[in-house]
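One structure is given below, encoded as structure tokens.
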Amino acid sequence: IQAPFRYYDGLLHSNPLATKCVTSGLMYMGGDLLAQYAETYNHNLTVEKTKDKSESDDCHKVTKIDMKRSVIFFVYGTFIAGPAYHYWFNY
Numbered sequence: 001i002q003a004p005f006r007y008y009d010g011l012l013h014s015n016p017l018a019t020k021c022v023t024s025g026l027m028y029m030g031g032d033l034l035a036q037y038a039e040t041y042n043h044n045l046t047v048e049k050t051k052d053k054s055e056s057d058d059c060h061k062v063t064k065i066d067m068k069r070s071v072i073f074f075v076y077g078t079f080i081a082g083p084a085y086h087y088w089f090n091y
């Protein structure tokens, strides 16, 4: 189980900027995907609490992932935030 961490640690030492940039991009994209799921989940939870028994399930949303939005977050995290954090924290 320690092998992936050792590999990542090796990447941080051999190529710190690129590793941090890609990590930042993946974290930004992962956060956005989680936010998209949470938006749908919260909407459906609110619909469940407020709907009458006679209403149909037409108000429920199906989780649809906006990949363009997620890719934009990945690009931002990789090319803007990652380098900025690397140089800002100097770590």
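Position 83 (the sequence shown) corresponds to 83 in this note's numbering; numbering is contiguous.
In this text, a Cβ means the ideal position worked out from N, Cα and C, and glycines have one as well.
Secondary structure at residue 72: helix, using DSSP grouped into helix, strand and coil. Within its own chain, the residues whose Cβ lies closer than 8 Å to the Cβ of residue 31, once the five positions on either side in sequence are excluded, are 73, listed in chain order. Annotation: the continuous alpha helix (DSSP H) that includes residue 43 extends over 16 to 50. The C-alpha of residue 64 lies about 8 Å from the C-alpha of residue 36. Taking 8 Å as the cut-off, the beta carbon of residue 24 is found closer than this to the beta carbon of residue 85. Per the coordinates, the alpha-carbon of residue 59 lies some 16 Å from the alpha-carbon of residue 38. In this structure, the alpha-carbon of residue 3 lies about 46 Å from that of residue 49.
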